[in-house]
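Down below is the structure, laid out as structure tokens.
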Amino acid sequence: MSPITLILIAIGLGLAGWLAGRAKAWSFQKSDANVRLVARPTYHAWYVAVWVVLPVLAFIALWSFLAPQLVMQTVLASPGAEGLPSFGFQRDSILSEARAVATGSAQGVFNSDAEALIEPFREAISHYNLIGLVVTVMIAFAGGAFAFLRVKPDFRARTRVERTVMIVLLLASLVAILTTFGIFASLVFETVRFFGMVSPIDFLFGSFWGPDPMSNPEAADGTRYGAIPLFWGTIFIGAIIAMIVAIPLGLMSAIYLTQYANPKLRAWVKPALEILAGVPTVVYGYFAALTVAPAIRDMAVAVGISGASTESALAAGVVMGVMIIPFVSSMADDSIAAVPSAMRDGSLAMGATQSETIRRVLFPAALPGIVAGVMLAVSRAIGETMIVVMAASTAANLTVNPLERMTTVTVQIVKMLTGEGSFDHPATLSAFALGFVLFMVTLALNFIALRVVKRFREAYD
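Numbering (the numbering used here), first residue to last: 85 to 545.
Right under this line is the structure:
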């Protein structure tokens, strides 16, 4: 029985508990008109429903993890599993085929050894599905009975329900924090393993990147894991070329929309500009690879520059800059609009022109918000993958020529983690080290941006 089915059963039982709790609360007033409920009947109903649903959901989460393990142990203990290989891909394939047929996901098996395991899988799945259903119903009735018996005229159901809602909201707010810590812990663990094979000095300061996934992991060549070309490519494409495109265009569009455009034009242009943020990055990648990169190559050849590549850092950076224009524009727009109108009116009243007011009053006052938007845009740009893969190639190249091929940290992470590489090999583990460095950089940029935004809001709220 799938977890979805158990959740639907839990919701149905919760609804029954809600109706029962509400009916009992109303019965107190119907039986005696002088009885005054401390909480409204609806809160008593929610109190019973919460005690039915929440324990059941906790059990379902635990059971969805334990049930497959129990089923597998039962099948492996059956006589049909005696001829299975001890370990390896073949063993997993046989078990997967038998499970697929037993659950109805497949019509037959390719490996004859899986035939003997189909019936044990069916029996084990049926057995543990029945156990899961029975335990779910028992927990629901136990929780509902406990809550139902506590429903009395003087019971403060509202306080209990609101306290439960506050706990749920607190847990929801902690999800992002706990997820961040989980990502950080997993990256640190794998990065430590990588640095046990390759020196951090070679990794952080080496100038040649060429991991060999087929080499002996016990004798890793640290000179092949120099990440300086990747760091430089990430900065050059995402923080230099892309920002040269995004910052001027984003700021100028924000200034025009807030200071010069009439309301009707702004109502059309601003949403159209923000549509760029919703375009999938693979579409930008196709645009960069099929349109921008050939155009840049042809222009370079036309002006006499030889050796221009169809895959270039300039093509990827330009398209990436176009992609993050909405980030810069929206933050600058909001920051300029948040400047008190008295500052603008006072500047104009003193005889300053509109351009002087923008340059000397509005722009300096909105600078914290603009800087925060730029930092968020940089962190978005250096984490981009698809545009670089399709327009700038995967070749690690340490150069300042924007017309040559170049790659970034994120592209190499994808390259190292795809394929048949072992997670015990330094070539695969290098992806986690790269991810750790990228995580720390983007975390620092986001932290600085949030601090700047906080300061800005305190100044003009």
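Yeah, the Cβ is synthetic: ideal placement off N, Cα and C, and Gly gets one too.
Whole-angstrom distance between residue j and residue i, CA atom to CA atom
| i | j | result |
| --- | --- | --- |
| Ser412 | Ser463 | The sequence given here has Val at residue 412, not Ser. When rounded, the distance between both Cα atoms is 12 angstroms. |
| Ser337 | Arg443 | 15 angstroms |
| Gly457 | Trp293 | 33 angstroms |
| Leu90 | Gln153 | 18 angstroms |
| Ile384 | Thr394 | For clarity, residue 384 is Ala in the given sequence; the question names Ile instead. The straight-line gap from Cα to Cα measures roughly 10 angstroms. |
| Glu199 | Val185 | 9 angstroms |
| Ile93 | Val136 | 11 angstroms |
| Ser180 | Pro204 | 13 angstroms |
| Ser299 | Ile466 | 30 angstroms |
| Ala326 | Leu522 | 17 angstroms |
| Ala303 | Val473 | 30 angstroms |
| Ile389 | Ser477 | 20 angstroms |
| Ala165 | Thr158 | 10 angstroms |
| Leu214 | Phe149 | 16 angstroms |
| Ile471 | Ile331 | 19 angstroms |
| Pro364 | Ala373 | 15 angstroms |
| Ser162 | Val525 | 52 angstroms |
| Ile88 | Tyr370 | 39 angstroms |
| Pro486 | Ala475 | 12 angstroms |
| Ala533 | Pro139 | 41 angstroms |
| Glu207 | Phe194 | 21 angstroms |
| Leu253 | Ile223 | 24 angstroms |
| Gly453 | Gly430 | 22 angstroms |
| Trp147 | Phe232 | 26 angstroms |
| Phe143 | Arg489 | 53 angstroms |
| Pro347 | Leu460 | 28 angstroms |
| Lys499 | Ser257 | 34 angstroms |
| Ala386 | Phe507 | 47 angstroms |
| Leu141 | Lys108 | 25 angstroms |
| Ser414 | Lys354 | 9 angstroms |
| Leu103 | Gly227 | 15 angstroms |
| Phe278 | Pro510 | 6 angstroms |
Contact belief for residue i with residue j at Cβ below 8 angstroms, rounded distance in angstroms
| i | j | result |
| --- | --- | --- |
| Ser514 | Tyr309 | 6 angstroms |
| Ala480 | Thr469 | Their Cβ separation, rounded to whole angstroms, is 15 angstroms, which puts Ala480 and Thr469 out of contact at 8 angstroms. |
| Ala182 | Leu201 | 4 angstroms |
| Thr512 | Leu501 | 7 angstroms |
| Gly96 | Val132 | Not a contact, Cβ separation roughly 14 angstroms. |
| Gln496 | Leu527 | Contact flag wrong, Cβ pair sits at about 20 angstroms. |
| Ile319 | Phe289 | About 15 angstroms separates the two Cβ atoms, so there is no contact after all. |
| Val134 | Thr220 | Wrong, their Cβ atoms sit about 16 angstroms apart, outside the cutoff. |
| Tyr368 | Val402 | That pair is no contact at about 10 angstroms. |
| Gly105 | Val235 | 6 angstroms |
| Phe531 | Leu271 | No, Phe531 and Leu271 are not in contact; Cβ-Cβ is about 17 angstroms, not under 8 angstroms. |
| Leu482 | Ser291 | 6 angstroms |
| Ile420 | Ile339 | 7 angstroms |
| Tyr127 | Val259 | About 27 angstroms separates the two Cβ atoms, so there is no contact after all. |
| Ala151 | Gly216 | 6 angstroms |
Residue i, buried or exposed, once every other Cβ within 10 Å from all chains shown has been counted against 16
| i | result |
| --- | --- |
| Trp352 | exposed |
| Ser196 | exposed |
| Ile328 | exposed |
| Met250 | exposed |
| Tyr344 | exposed |
| Phe516 | buried |
| Thr375 | exposed |
| Asp417 | buried |
| Thr275 | buried |
| Thr494 | buried |
| Ala129 | buried |
| Pro410 | buried |
| Ala356 | exposed |
| Asp545 | Summary for Asp545: the model assigns pLDDT 48, below 50, so the residue's position carries little reliability, and this model does not support an answer. |
| Ser210 | exposed |
| Arg535 | exposed |
| Pro295 | buried |
| Gly391 | exposed |
Quick check: the region 104-118 against the region 178-196, are there 3 or more CB pairs under 8 angstroms? no
The region 441-450 touching the region 275-295, judged by at least three CB pairs closer than 8 angstroms: no
On the three-pair Cβ rule with 8 angstroms, is the region 371-385 touching the region 394-403? yes
Which runs of the alpha helix (DSSP H) spanning at least 4 residues fall entirely within the region 152-192, listed in chain order? 173-187
Taking 8 angstroms as the cut-off, does the region 357-369 touch the region 435-443 (at least 3 CB pairs, one atom from each stretch)? Too few Cβ pairs lie closer than 8 angstroms, so no.
Which parts of the region 448-476 are runs of the beta strand (DSSP E), unbroken and 3 residues or longer, counting only runs that do not cross its ends? none
If we count Cβ pairs, one from each stretch, closer than 8 angstroms, do we get three or more for the region 231-248 versus the region 122-142? yes
Kindly provide the ranges of any alpha helix (DSSP H) runs that are 4 or more residues long and lie completely inside the region 385-448, ordered along the chain. 397-407, 409-422, 425-433 and 438-441
Just to confirm the assignment: which complete alpha helix (DSSP H) runs, minimum length 4, are found wholly within the region 298-363? Considered as a whole, the region 298-363 harbours 312-318, 326-339 and 347-358 as its complete alpha helix (DSSP H) runs of no fewer than 4 residues, in chain order.
At 3 residues or longer, what runs of the beta strand (DSSP E) sit wholly inside the region 212-290? none
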